[in-house]
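Student:
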């Protein structure tokens with residue numbers, strides 16, 4: 009199954025989980041239920057009908073299982089892609105926070121230099137240290 013192979017190649021299959029069952033990997037059997045259920049000897053009509061119904065239901069369940077396995081594999085691949093996007097986003101966010109912290113530290117350092125007697129105007133735009141009356 010192609011989706012299962014992609015899931016395994018992406019490293020998204022949990023450890024210890026083997027391949028899907030053989031019944032879900034291969035092509036469904038081509039033989040008909042009537043050929044399989046024919047047995048030499050006496051066969052009652054009711055038992056034969058019950059066996060045919062069971063055989064059809066097993067086929068239906070197998071198709072549903074294959075669909076579900078495919079959907080789960082697709083979902084696993086999407087989750088892997090979303091995980092990669094989230095990791096990239098968080099890394100970018102962390103870099104931005106670090107840059108902002110550096111800028112804040114530099115600004116605080118320059119403000120402290122300004123208060124210690126630097127000749128230029130203070131870099132902060134707050135209230136002046138003195139009042140001026142006109």
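In the numbering used here, the protein residues as written are 9 to 142. We put the beta carbon where it would ideally sit given N, CA and C, even for glycine.
Should residue 84 go down as buried or exposed, given a rule of 16 or more other Cβ atoms within 10 Å for buried?
Tutor: Counting Cβ neighbours within 10 Å, residue 84 comes out buried, since at least 16 surround it.
Student: Please classify residue 74: does DSSP put it in a helix, a strand, or coil?
Tutor: DSSP places residue 74 in helix when its eight states are reduced to three.
Student: If we count Cβ pairs, one from each stretch, closer than 8 Å, do we get three or more for the stretch 16-23 versus the stretch 73-87?
Tutor: Yes, the stretch 16-23 is in contact with the stretch 73-87.
Student: For residue 25, does the three-state DSSP call read helix, strand or coil?
Tutor: Correct three-state label for residue 25: coil.
Student: Is the beta carbon of residue 78 less than 8 Å from the beta carbon of residue 25?
Tutor: Contact: no.
Student: Look at the alpha carbon of residue 80 and the alpha carbon of residue 52, and state the distance between them as a whole number of angstroms.
Tutor: Going from the Cα of residue 80 to the Cα of residue 52 covers about 42 Å.
Student: For residue 31, which of helix, strand or coil comes out of DSSP?
Tutor: Residue state, collapsed to three classes: helix.
Student: Any beta carbon from chain C within less than 8 Å of residue 26's own beta carbon?
Tutor: Chain labels in this structure do not include chain C; a single protein chain is all it has.
Student: Residue 32 and residue 74 - do their beta-carbons sit closer together than 8 Å?
Tutor: Contact flag set, yes.
Student: Would you identify the three-state DSSP class for residue 19, choosing helix, strand or coil?
Tutor: Of the three classes helix, strand and coil, the one that applies to residue 19 here is coil, per DSSP.
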